[in-house]
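Engineer:
Protein chains: 2
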Amino acid sequence: MNSSPSSVRLAGKTVRIVGTGLLGSSIGLGLRPLGVNVVLTDASPSSARLAEDLGAGQLASPSDVPDLIVVCVPPDVVADVIARELAEFEHAIVTDVASVKVAARDDLAARGVDVSRYVGAHPLAGRERGGAVSARGDLFIGRPWVVCREPQNSQTAVRLVEDLILDLGASVVEMTADEHDRAVALVSHAPQIVSTVMAAQLRSATDASVSVAGQGVRDVTRIAASSPDLWVQILGANHEAVVEVLRGVHTDLGAVIEALDSLDASGSRSTLAQAFSHGNEGVARLPGKHGQNRKFSIVTVLIDDRPGQLAHLLADIGELGINLEDLNLEHAPGAQLGTVEFSVVPEAVDRLVADLEQRGWRVAR
Amino acid sequence: MNSSPSSVRLAGKTVRIVGTGLLGSSIGLGLRPLGVNVVLTDASPSSARLAEDLGAGQLASPSDVPDLIVVCVPPDVVADVIARELAEFEHAIVTDVASVKVAARDDLAARGVDVSRYVGAHPLAGRERGGAVSARGDLFIGRPWVVCREPQNSQTAVRLVEDLILDLGASVVEMTADEHDRAVALVSHAPQIVSTVMAAQLRSATDASVSVAGQGVRDVTRIAASSPDLWVQILGANHEAVVEVLRGVHTDLGAVIEALDSLDASGSRSTLAQAFSHGNEGVARLPGKHGQNRKFSIVTVLIDDRPGQLAHLLADIGELGINLEDLNLEHAPGAQLGTVEFSVVPEAVDRLVADLEQRGWRVAR
């Protein structure tokens, strides 16, 4: 898929996956076609069998001698399972995919576990839907996968974990566990809570109010649909770093409320304007899908809402030999029209628009 | 476009558009093809000329006798302009598109303006990019357009404003000005501030932190890129209703922080779980793109990242006669693969998947 067999780093090795949810099953699905011997186990035997049926690997057996063990269990049991696997398989390297790294490391240290063979890691990949049924072998392609190397780690251990990551098409990002936990507190855990708390205000919304909801509130609250159980575990394991970010949100929000409450007071409007400028600056820090420096141009085409129209349009674009970067089809609710927004490299825009118009499409930049 | 000429309600009438930004120009672009006489004016003559060049209407002249005047100016001058237009055109009906309704109504009442000919309204439509250059005649198709009828309004006035809305393909939603302002505080203004304040925390993010940012934080902070100037005006005009919602956010966020700070205290984890449940319930209140009751199934296809692949796929789907509801093309950053996610009606899924697989596509549900 993303590697020819000869370049597979883990080819012929045995990888034991402990926990066959979305991530564990996706790792199995990604490794199997590469000639890796994948064995699966889960606290729930029926989950493990489902993952096997889906092609993620074979059920683990007592005779397995794993080279690498990937622990893919919920945050609250991850340290237990890592310690158990290290003890049971004395020559294997162990890694995990938990979304918080300091807690398990400290927990293992407190137990006096030798962690030379354990390398904590975290793939930044996921889906809104969980479980083996949502697993995909390509889930990690092009995604960052953080490796938290510790001084005790053997070189062999780190290299084997990096081999796993590269075989799955992801990129290795090195961070300390502390850096990692602060980073995810800022770019994942705090935004999750902010989204959740905003969404909670909609519980008492009237039908008329939600009828005027647009894309903004949908985007802000989309991740509020996440699982409470999982998030209580994640936040519990990273509460200090998360609280630090949330205090900033709480203070800044308080300042906005105060400014709105005393609009005529001197400085209130500049406080508000500054809050918005800071928001502009903050969102600009996020790299674009294609990296921070590459800009794409957007071309919008109006199409009728009937089968074949989009295919016809795409066929026309294909004939032009222009590669689309992103494409988004939107139906105006209730209307018989849709708009298709393309991202294309800026150099291609003029030619694309001219050609599409010549072919009778209604185009806007 | 969305109406045959014979059913155009405003055909032959003169509509004067005051303010030729995104909304004013889009209204002009939507009305022109229907045989409506659109005349344009703007505090900036060059803006008005640009809108004329783009096809939104003709520049206004002193001899115009407008039937309907649509005021599309920034919130802080909207009451002034409404009063001026009512005085200048004694027989015209006046409406506006401002995103806050109580302030202008009260301002006009305080001036003693007779508002029998003024009907406040607000189209829930917009784009991230502003200005006449971003205008689209189909901007309002299928979107809600709130009409705030007041007891003083003449029947004729209300009917003419509704004619405008229906001619542009939007749907009339009746609310009082107070209901409207509370609704937009909840589903637009408060989410904007929450997004902005969260984004502001990213200003000091390290490069490593933002390198692990995923779709969640991008969605939560997308609208934080909005214009500070415009938002200070909007919030200034609706601060009471906005503060009410923000106080709820602030209190709930404070409770989450407290629970995270004292995780071992009894009740802390249940406070967190409850916050997440409330978020789940709140986001479920938002109607889906296609209305709350219609569910779509998602089918994912893996494609190579080269010209023509998507067209080939869409052509195959077109031949099946299946209408796609939504389509999203994602490139795994840095990878030579993309995934295409389709929404289709559930009845079509089995057939689509089977047929695509038969044609050699790699499909996941």
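Those protein sequence lines, which keep their order, are chains A and B.
Residue numbering for the first sequence is 1 to 365, as defined by this note's numbering.
Residue numbering for the second sequence is 366 to 730, as defined by this note's numbering.
All C-beta atoms in this analysis are idealised placements derived from N, C-alpha and C, irrespective of residue type, glycine included.
Every value quoted in this text rests on a predicted model; they were computed, and no experiment measured them.
Using only the alpha-carbon positions, how far apart do Phe-454 (chain B) and Asp-503 (chain B) sit?
Structural biologist: Phe-454 (chain B) and Asp-503 (chain B): Cα-Cα distance of roughly 29 Å.
Engineer: Using the Cα positions of Ser-25 (chain A) and Ser-270 (chain A), report the straight-line distance between them to the nearest angstrom.
Structural biologist: Taking the straight line from one Cα to the other gives about 52 Å.
Engineer: When Cβ atoms are compared, which residues of the segment 627–655 of chain B fall closer than 7 Å to chain A?
Structural biologist: Answer in chain order: Leu-628, Arg-634, Leu-637, Ala-638, Ala-640, Phe-641, Ser-642, His-643, Gly-644, Asn-645, Glu-646, Gly-647, Val-648, Arg-650, Leu-651, Pro-652, Lys-654, His-655.
Engineer: Check whether the segment 215–222 of chain A and the segment 153–169 of chain A touch, using three or more Cβ-Cβ pairs below 8 Å as the test.
Structural biologist: Result no; under three Cβ-Cβ pairs closer than 8 Å.
Engineer: Just to confirm my understanding: we take Val-478 (chain B), look at its own chain, exclude 5 residues before and 5 after, and list those with CB closer than 7 Å. What are they?
Structural biologist: So the list reads Ala-448, Leu-451, once near-sequence residues are dropped.
Engineer: Quick check: the segment 182–202 of chain A against the segment 516–533 of chain B, are at least 3 beta-carbon pairs closer than 8 Å?
Structural biologist: Segments in contact, no.
Engineer: Please list the residues of the segment 390–414 of chain B that have a C-beta atom closer than 8 Å to any C-beta atom in chain A, keeping them in chain order.
Structural biologist: The residues in question: there are none.
Engineer: Please go through the same chain and pick out, in chain order, the residues whose beta-carbon is closer than 8 Å to the beta-carbon of Gly-35 (chain A), but skip the five residues on each side of it.
Structural biologist: For Gly-35 (chain A), where only same-chain residues beyond five positions count, the Cβ hits under 8 Å are Pro-5, Val-8, Ala-11, Gly-12.
Engineer: Using 8 Å as the Cβ pair cut-off and three pairs as the minimum, do the segment 431–440 of chain B and the segment 594–602 of chain B touch?
Structural biologist: With a cut-off of 8 Å, the segment 594–602 of chain B and the segment 431–440 of chain B count as touching, because enough Cβ pairs lie within range.
Engineer: Which class does Gly-656 (chain B) belong to by DSSP, given the choice of helix, strand or coil?
Structural biologist: Low local confidence applies: a pLDDT of 38 at Gly-656 (chain B) is under 50, so the model's placement there is unreliable, with the coordinate-based value given in what follows. It is coil, neither helix nor strand.
Engineer: So, is the C-beta of Asp-669 (chain B) closer than 7 Å to a C-beta in chain A?
Structural biologist: By this cut-off, Asp-669 (chain B) is not an interface position.
Engineer: Kindly indicate if chain A contains any beta-carbon less than 7 Å away from that of Ala-452 (chain B).
Structural biologist: Judged by the 7 Å Cβ criterion, Ala-452 (chain B) is not in contact with chain A.
Engineer: With 7 Å as the threshold, decide whether the Cβ of Ala-335 (chain A) is near any Cβ in chain B.
Structural biologist: Caution applies to Ala-335 (chain A), whose pLDDT of 48 falls short of 50 and renders its modelled position unreliable; the value that the coordinates give is listed next. Yes, because at least one Cβ of chain B sits closer than 7 Å to the Cβ of Ala-335 (chain A).
Engineer: Classify Ala-640 (chain B): buried if its beta carbon has 16 or more other beta carbons within 10 angstroms, exposed otherwise.
Structural biologist: Ala-640 (chain B) should be labelled buried.
Engineer: Return yes when the Cβ of Ala-425 (chain B) is within less than 7 Å of the Cβ of Leu-405 (chain B), no when it is not.
Structural biologist: Taking 7 Å as the Cβ cut-off, Leu-405 (chain B) and Ala-425 (chain B) qualify as a contacting pair.
Engineer: Got a sec: is the Cβ-Cβ distance from Arg-16 (chain A) to anything in chain B below 7 Å?
Structural biologist: Not an interface residue.
Engineer: Span of the alpha helix (DSSP H) holding Asn-645 (chain B)?
Structural biologist: Taken as a continuous stretch (DSSP letters only), the alpha helix (DSSP H) holding Asn-645 (chain B) covers 633–649.
Engineer: Secondary structure at Ala-145 (chain A), three-state DSSP: helix, strand or coil?
Structural biologist: Checking the sequence shown, residue 145 (chain A) turns out to be Trp, not Ala. Note: Trp-145 (chain A) maps to strand in three-state DSSP.
Engineer: Straight-line CA distance for Leu-717 (chain B) to Ile-682 (chain B)?
Structural biologist: Roughly 7 Å separates the two Cα atoms.
Engineer: Quick one: does Thr-196 (chain A) have its CB under 7 Å from some CB of chain B?
Structural biologist: Judged by the 7 Å Cβ criterion, Thr-196 (chain A) is in contact with chain B.
Engineer: In angstroms with no decimal places, state the Cα-to-Cα distance between Arg-371 (chain A) and Gly-28 (chain A).
Structural biologist: Look at the range of chain A in this structure, 1 to 365, and you will see that residue 371 (chain A) is not part of it.
Engineer: If you follow the beta strand (DSSP E) that Leu-40 (chain A) is in, where does it begin and where does it stop?
Structural biologist: Where Leu-40 (chain A) is concerned, the enclosing beta strand (DSSP E) stretches over 37–41.
Engineer: Am I right that Ala-183 (chain A) and Ser-574 (chain B) are in contact with their C-beta atoms under 8 Å? What's the rounded C-beta distance?
Structural biologist: About 4 Å; that satisfies the 8 Å criterion.
Engineer: Could you compute how far the alpha carbon of Lys-466 (chain B) sits from the alpha carbon of Ala-606 (chain B)?
Structural biologist: Those two C-alpha atoms are separated by around 12 Å.
Engineer: Contact check, Thr-460 (chain B) vs Ala-486 (chain B) under 8 Å by CB: the rounded distance?
Structural biologist: The Cβ separation is near 5 Å, so the contact holds.
Engineer: Would you list the one or two residues that DSSP bridges to Ala-121 (chain A)?
Structural biologist: A:Val-147, per the DSSP bridge assignment.
Engineer: Going along the chain, which residues of its own chain have a beta-carbon closer than 7 Å to the beta-carbon of Ala-413 (chain B), five neighbours each way excluded?
Structural biologist: Same-chain partners within the cutoff: Thr-385, Leu-405, Thr-406, Asp-407, Leu-424.
Engineer: Taking Cβ positions only, does Leu-139 (chain A) come closer than 7 Å to chain B?
Structural biologist: False, the Cβ-Cβ gap to chain B never drops below 7 Å.
Engineer: Starting from Ile-69 (chain A), follow the alpha helix (DSSP H) in both directions and report where the run begins and ends.
Structural biologist: Where Ile-69 (chain A) is concerned, there is no enclosing alpha helix (DSSP H), although the beta strand (DSSP E) it sits in stretches over 68–71.
Engineer: In the DSSP assignment, find the beta strand (DSSP E) that holds Glu-539 (chain B) and state where it starts and stops.
Structural biologist: Residues 536–539.
Engineer: Give the residues of chain A in contact with Asp-617 (chain B), contact being defined as C-beta atoms less than 7 Å apart.
Structural biologist: Within 7 Å Cβ-Cβ: Val-197, Ala-200.
Engineer: Quick check: is the beta carbon of Ala-311 (chain A) nearer than 7 Å to any beta carbon in chain B?
Structural biologist: Yes, Ala-311 (chain A) counts as interfacial toward chain B.
Engineer: Determine the burial state of Gln-580 (chain B): buried for a count of at least 16 other Cβ atoms within 10 Å of its Cβ, exposed for fewer.
Structural biologist: Gln-580 (chain B) should be labelled exposed.
Engineer: Please state if the CB of Val-664 (chain B) and the CB of Phe-707 (chain B) are separated by a distance shorter than 7 Å.
Structural biologist: Yes. Within cutoff.
Engineer: Cβ closer than 8 Å: which chain B residues qualify as neighbours of Pro-191 (chain A)?
Structural biologist: Neighbours of Pro-191 (chain A) on chain B, chain order: Met-563, Gly-581, Val-582, Val-585, Thr-586.
Engineer: Going along the chain, which residues of the segment 477–492 of chain B sit with their C-beta nearer than 7 Å to a C-beta in chain A?
Structural biologist: So the list reads Leu-489, given in the order they occur along the chain.
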